[in-house]
Amino acid sequence: MRSVAIDIGNTRIKSALFDKGQLVECAYFHHMNLKALADWLLRVSPSRLIISSTAEKSISIDHLLPSNAYVLHLNCNTPLSIKNDYQAETLGQDRMANAVAGYLFNKKASLVIDLGTCITYDWTVKGVYLGGSISPGLHMRLKSMNEFTGRLPLVEDITQGEIIGKNTEESLLSGVLFGIQYELSGIISVFEERFPGGSVLFTGGDSLFFADTIENHIFADPFLTLKGLEGILEFNNA
C-alpha cells in the first residue's frame with residue numbers, strides 16, 4: 007500500500023512516499039508552488055495520506071489530494087500507538103510524530119532530539135510519551151544576540167571552532183555551538199542514566215551538523231518526523 011506523509015511548515019512542505027511502510031522518496035515544496043505538489047501527488051498516486059501542519063498560517067491542500075484516497079488530518083485527538091502523558095492540546099504535531107517514531111525505533115525507551123528553529127527533546131518510555139523540553143535552536147540563538155543588543159554582529163558563517171574565541175564573531179559562535187553541544191550531552195547523559203538500553207535519535211535541519219560533535223552514541227535520521235507520521239497513519243488505517 008502506497009502512503010504519503012505531508013508535513014506543512016512555515017516556509018515549505020515536506021512530503022514522503024512510503025510503500026508497505028518503507029520510505030521510497032522524499033520531496034520538498036515551497037508554499038508558493040503548490041502546483042508542483044499537486045503534480046507529485048498525481049505521479050506517486052497514494053491510496054492514503056496523513057497531513058500534519060506546524061505552520062503559523064493555515065494552508066489548505068485538500069483540493070490537491072486524490073479524491074479516492076483515505077486522508078488523515080493529524081490533531082490532538084488523533085489516536086496514537088503510544089499513551090500521551092502530556093497536555094495534548096499544547097503538543098505540536100511534529101513532536102507528536104517524533105515521539106511515535108522514537109517508540110517505533112525502540113519500544114523500551116527513546117529520546118528524540120529535533121534540531122531545527124527550536125531544539126525539542128521528546129521522551130517516550132515503554133509506550134508512554136512523558137513529555138520533554140524546548141530550547142532555542144542554533145540560528146535563533148545567533149539572531150537573538152544580534153537583535154537584542156546594539157553592537158553584536160549576526161554570525162552567518164557557521165563553522166566549528168575553538169571554545170576560546172579570538173574575536174567577537176568567534177566568541178558568539180563558540181558560545182552558541184558549545185552551549186548547544188553541552189546542553190545536548192547533558193540531557194542525553196540524564197536519559198542514558200535513567201533508561202539504560204534506550205535510544206537517542208537526532209532529526210531536524212541541524213541534526214547532521216551536531217551529530218558529529220556528540221560523543222554519545224546517537225542515531226541521526228533527517229526523515230524521522232515523516233516516518234513518525236507514517237506510523238500514525240498505519241495505526242489508524244492498518
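To get my numbering, take the position in the sequence shown, counting from 1, and add 6.
We put the CB at the ideal spot given by N, CA and C, even for glycine.
{"Query": "First and last residue of the uninterrupted beta strand (DSSP E) at Lys172", "Result": "That residue, Lys172, is in no beta strand (DSSP E); it is neither H nor E in DSSP."}
{"Query": "Endpoints, the alpha helix (DSSP H) within which Tyr109 is located", "Result": "Gln99 to Phe111"}
{"Query": "Three-state class that DSSP yields for Lys233 in the structure shown", "Result": "helix"}
{"Query": "Reduced DSSP secondary structure (H/G/I, E/B, other) of Arg157", "Result": "coil"}
{"Query": "Cβ pair Phe229, Cys32 closer than 8 angstroms", "Result": "yes"}
{"Query": "Start and end residues, beta strand (DSSP E) containing Lys20", "Result": "Arg18 to Asp25"}
{"Query": "At least 3 beta-carbon pairs within less than 8 angstroms: the region 203–211 vs the region 115–125", "Result": "yes"}
{"Query": "Closest residue to Gly143 among Ser180, Leu55, Cys124 and Glu198 (Cα-Cα distance)", "Result": "Cys124"}
{"Query": "The region 130–139 in contact with the region 83–94 per 3-pair CB rule at 8 angstroms", "Result": "yes"}
{"Query": "As assigned by DSSP and simplified to three states, the class of Asp68", "Result": "helix"}
{"Query": "Beta-carbon proximity list for Ala61, same chain, < 7 angstroms, skipping 5 on both sides", "Result": "Ile14, Gly15 and Asn16"}
{"Query": "Which residues DSSP lists as bridging Glu36, in chain order", "Result": "Reading the sequence as shown, one finds His at residue 36 and not Glu. Beta-bridge pairing links His36 to Arg18."}
{"Query": "Leu214 and Ala226 closer than 8 angstroms at C-beta", "Result": "yes"}
{"Query": "C-beta contact flag for Ile56 and His37 at 8 angstroms", "Result": "no"}
{"Query": "Whole-angstrom distance between Pro52 and Met7, CA atom to CA atom", "Result": "8 angstroms"}
{"Query": "Neighbour-count burial assignment, Thr165, 16 or more Cβ in a 10 Å radius", "Result": "exposed"}
{"Query": "For Asp13: DSSP bridge partner residues", "Result": "Lys20 and Ser58"}
{"Query": "Limits of the unbroken beta strand (DSSP E) element including Leu121", "Result": "Ala115 to Leu121"}
{"Query": "Beta-carbon proximity of Leu40 to Pro72, cut-off 8 angstroms", "Result": "no"}
{"Query": "Beta-carbon gap between Val80 and Asn243 smaller than 8 angstroms", "Result": "This sequence places Leu at residue 80; Val is not what is there. No, these two residues do not count as a Cβ contact at 8 angstroms."}
{"Query": "Element boundaries [beta strand (DSSP E), containing Ser205]", "Result": "Ser205 to Thr209"}
{"Query": "Simplified DSSP assignment, three categories, for Lys89", "Result": "strand"}
{"Query": "Selected residue, minimal CA-CA separation from Pro85, among Leu43, Val106 and Arg18", "Result": "Val106"}
{"Query": "Cross-strand partners of Tyr188 (DSSP beta bridge)", "Result": "In the DSSP output, where bridge partners are listed per residue, Tyr188 has none listed."}
{"Query": "Other residues of its chain near Leu183: CB distance less than 7 angstroms, five sequence neighbours each side excluded", "Result": "Gln166"}
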